[in-house]
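Asker: For the protein sequence lines, the chains are A and B, in the order given. Be aware that the first sequence starts at 1, since it is given in the working numbering, and climbs by one per residue. Be aware that the second sequence starts at 135, since it is given in the working numbering, and climbs by one per residue.
There are 2 protein chains.
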Amino acid sequence: MADDDDILRVNAAYYRAFATADFTAMSRIWAKEQVSCIHPGWPVLIGRDAVLDSWKGILGNPGSEEIEFHEATAIVDGDEGRVLCLEVIGPAVFAASNWFRRIDGQWRMIHHQAGPVALTPDRGEDEERPQRLN
Amino acid sequence: MADDDDILRVNAAYYRAFATADFTAMSRIWAKEQVSCIHPGWPVLIGRDAVLDSWKGILGNPGSEEIEFHEATAIVDGDEGRVLCLEVIGPAVFAASNWFRRIDGQWRMIHHQAGPVALTPDRGEDEERPQRLN
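Written out as structure tokens, the structure is:
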């Protein structure tokens, strides 16, 4: 489960960079190649330049809402892994998939997608209890 | 680019199964292990049983809307790959990431997430991107 712990730590670092509007940390978390991102409501972004440009805009105009994540579940296969979680940003809840690749011993983000959820996390927890698969 | 062609073919088969409400084809496309899915508005689904149950419900109540996909782009790394595309379902547009793993020589779906896009594909270049929080 060491891989799970490692990837969950990087996932937490991603949300810390987001919550503190730390663009330097955010750009370090993302891999150099084969990256893509779909922010809520946005079209598909492909390539490190497009993805980091989007983060520069988002982190340059931080909202006043708290940003939290909950119910993180890791699924790891070799040097590829994902973390599935719920994001809570003020009153809004998003379901997110965060994909990482281990490059030179370090997990780097290669894809992020988040979209609005119709349920609150509390109600979601009652209905779908995340489970570990590996 | 042969890998790209192969994964794009399986991505097309996924949308064909969806559009024709073919549950048998859909269940064959999904891998047996380490699968997850986030339908628009839904919480995170983890595990083949939860994912196929959701598809049984969706395909068992097909809408009258046409289902199409556009602008598919493949990113492949060894035996892992994703296809990013736009889904058009009636008047609604979704941005989707479809993740596949090559198992015994065959690409199988391991993750799908789709979420609503604020722009239509055609108008995407003309209008400013929505500034959403993440």
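By construction, the Cβ of each residue, glycine as well, lies at the ideal position given by its N, Cα and C atoms.
How about A153 (chain B) and I209 (chain B): do their beta carbons lie closer than 7 Å?
Answerer: To locate residue 153 (chain B), count along the second sequence from 1; it is residue 19. To locate residue 209 (chain B), count along the second sequence from 1; it is residue 75. Not closer than 7 Å, so no.
Asker: Quick one: which residues of the segment 178 to 200 of chain B get their C-beta closer than 8 Å to a C-beta of chain A? List them in chain order.
Answerer: Within the segment 178 to 200 of chain B, the qualifying residues are V178, L179, I180, G181, A184.
Asker: When you check each C-beta in the segment 105 to 121 of chain A against every C-beta of chain E, which residues fall closer than 7 Å?
Answerer: Among the protein chains of the structure shown, namely A and B, there is no chain E.
Asker: Rounded to a whole number of angstroms, what is the C-alpha to C-alpha distance between L133 (chain A) and G78 (chain A)?
Answerer: Position 133 of the first sequence, counting from 1, holds the residue named residue 133 (chain A). Position 78 of the first sequence, counting from 1, holds the residue named residue 78 (chain A). Per-residue confidence for L133 (chain A) stands at a pLDDT of 41, beneath the threshold of 50, marking its modelled position as unreliable; no derived number is given.
Asker: For a test of the three-state rule: what should DSSP assign to A208 (chain B), helix, strand or coil?
Answerer: Residue mapping note: residue 208 (chain B) aligns to position 74 of the second sequence, counting from 1. Strand, per DSSP.
Asker: For a contact defined as C-beta to C-beta under 7 Å, what are the partners of D77 (chain A) on chain B?
Answerer: Numbered from 1 along the first sequence, position 77 holds the residue referred to as residue 77 (chain A). Per Cβ cutoff of 7 Å: Q168.
Asker: Just to confirm, is the Cβ distance from M26 (chain A) to A17 (chain A) under 7 Å?
Answerer: In the first sequence, residue 26 (chain A) corresponds to position 26, counting from 1. In the first sequence, residue 17 (chain A) corresponds to position 17, counting from 1. Yes; because the gap between Cβ atoms is below 7 Å, this pair is in contact.
Asker: Keeping to the same chain, check which residues put their C-beta closer than 8 Å to that of V117 (chain A); ignore five residues upstream and five downstream.
Answerer: As a position in the first sequence, residue 117 (chain A) is number 117, starting the count at 1. Contacts found: L86, V93, F94, A95, G124.
Asker: Per the DSSP calculation, H245 (chain B) is bridged to which residue(s)?
Answerer: For the purposes of this step, residue 245 (chain B) is identified with residue 111 of the second sequence, where counting begins at 1. Looking at the DSSP assignment, H245 (chain B) forms a beta bridge with B:S170, B:W233.
Asker: So what's V51 (chain A) in DSSP terms, helix, strand or just coil?
Answerer: As a working note, residue 51 (chain A) is residue 51 in the first sequence. In the structure shown, V51 (chain A) sits in a helix (DSSP, three-state: H, G or I).
Asker: Please report how far the alpha carbon of P10 (chain A) lies from the alpha carbon of K32 (chain A), in whole angstroms.
Answerer: Taking the first sequence and counting its residues from 1, the one referred to as residue 10 (chain A) is at position 10. Taking the first sequence and counting its residues from 1, the one referred to as residue 32 (chain A) is at position 32. Note on residue identity: the sequence assigns Val, not Pro, to residue 10 (chain A). So the two alpha carbons sit approximately 16 Å from each other.
Asker: Can you find the residues in the same chain that come closer than 8 Å, C-beta to C-beta, to S188 (chain B), ignoring five residues on each side of it along the sequence?
Answerer: Translated into positions along the second sequence, residue 188 (chain B) becomes position 54. Here the set comprises C171, H173, W176, L179.
Asker: Please compile the residues from chain A whose C-beta is within a distance smaller than 9 Å of the C-beta of S231 (chain B).
Answerer: Stepping through the second sequence from its first residue, residue 231 (chain B) is reached at position 97. Chain A residues near S231 (chain B): S36, I38, V44, S97, W99, H111, Q113.
Asker: Less than 7 Å separating the beta-carbons of R108 (chain A) and S97 (chain A)?
Answerer: Walking along the first sequence from the start, residue 108 (chain A) turns up at place 108. Walking along the first sequence from the start, residue 97 (chain A) turns up at place 97. No. Outside cutoff.
Asker: Indicate whether I7 (chain A) and F69 (chain A) have their beta-carbon atoms separated by less than 7 Å.
Answerer: Your numbering for residue 7 (chain A) matches position 7 in the first sequence. Your numbering for residue 69 (chain A) matches position 69 in the first sequence. Contact: no.
Asker: Output yes if chain B places a C-beta closer than 7 Å to the C-beta of E80 (chain A); else output no.
Answerer: Walking along the first sequence from the start, residue 80 (chain A) turns up at place 80. Yes, E80 (chain A) lies at the interface with chain B (some Cβ there is under 7 Å from its Cβ).
Asker: Give the residues of chain A in contact with L218 (chain B), contact being defined as C-beta atoms less than 7 Å apart.
Answerer: As a first step, residue 218 (chain B) must be located in the second sequence, where it is residue number 84. The contacting residues are S36, V44, I46.
Asker: Determine the burial state of E199 (chain B): buried for a count of at least 16 other Cβ atoms within 10 Å of its Cβ, exposed for fewer.
Answerer: By 1-based counting over the second sequence, the position of residue 199 (chain B) is 65. Counting Cβ neighbours within 10 Å, E199 (chain B) comes out exposed, since fewer than 16 surround it.
Asker: Which residues mark the beginning and the end of the beta strand (DSSP E) in which V144 (chain B) is found?
Answerer: Taking the first residue of the second sequence as position 1, residue 144 (chain B) is located at position 10. It is not in any beta strand (DSSP E) - V144 (chain B) instead sits in the alpha helix (DSSP H) that spans 136 to 153.
Asker: I need the straight-line Cα distance from I237 (chain B) to I163 (chain B), nearest angstrom please.
Answerer: Residue 237 (chain B) sits at position 103 when you count from the first residue of the second sequence. Residue 163 (chain B) sits at position 29 when you count from the first residue of the second sequence. Their backbone Cα atoms lie some 11 Å apart in a straight line.
Asker: Let me check one thing: in DSSP terms, what residues is W42 (chain A) bridge-paired to?
Answerer: In the first sequence, residue 42 (chain A) corresponds to position 42, counting from 1. Looking at the DSSP assignment, W42 (chain A) forms no beta bridge with any residue, so it has no partner.
Asker: Nearest-angstrom Cα distance between Q113 (chain A) and Q34 (chain A)?
Answerer: By one-based count along the first sequence, residue 113 (chain A) stands at place 113. By one-based count along the first sequence, residue 34 (chain A) stands at place 34. The alpha-carbon atoms of Q113 (chain A) and Q34 (chain A) are separated by roughly 15 Å.
Asker: According to DSSP, is R162 (chain B) helix, strand or coil?
Answerer: Here the question's residue 162 (chain B) lines up with position 28 in the second sequence. Residue state, collapsed to three classes: helix.
Asker: When DSSP labels each residue in this structure, what does G194 (chain B) get in the three-state scheme?
Answerer: In the second sequence, counting from the first residue as 1, residue 194 (chain B) sits at position 60. Looking at G194 (chain B) - three-state DSSP - the assignment turns out to be helix.
Asker: For K190 (chain B), I'd like the list of residues in its chain whose CB is within less than 8 Å of its CB, leaving aside the five on either flank, ordered along the chain.
Answerer: The sequence position of residue 190 (chain B) within the second sequence is 56, counting from 1. Taken in chain order, the residues that qualify are F157.
Asker: For G239 (chain B), does the count of other Cβ atoms within 10 angstroms reach 16, so buried, or fall short, so exposed?
Answerer: In the second sequence, the residue the question calls residue 239 (chain B) occupies position 105. Answer is exposed; the Cβ neighbour count stays below 16.
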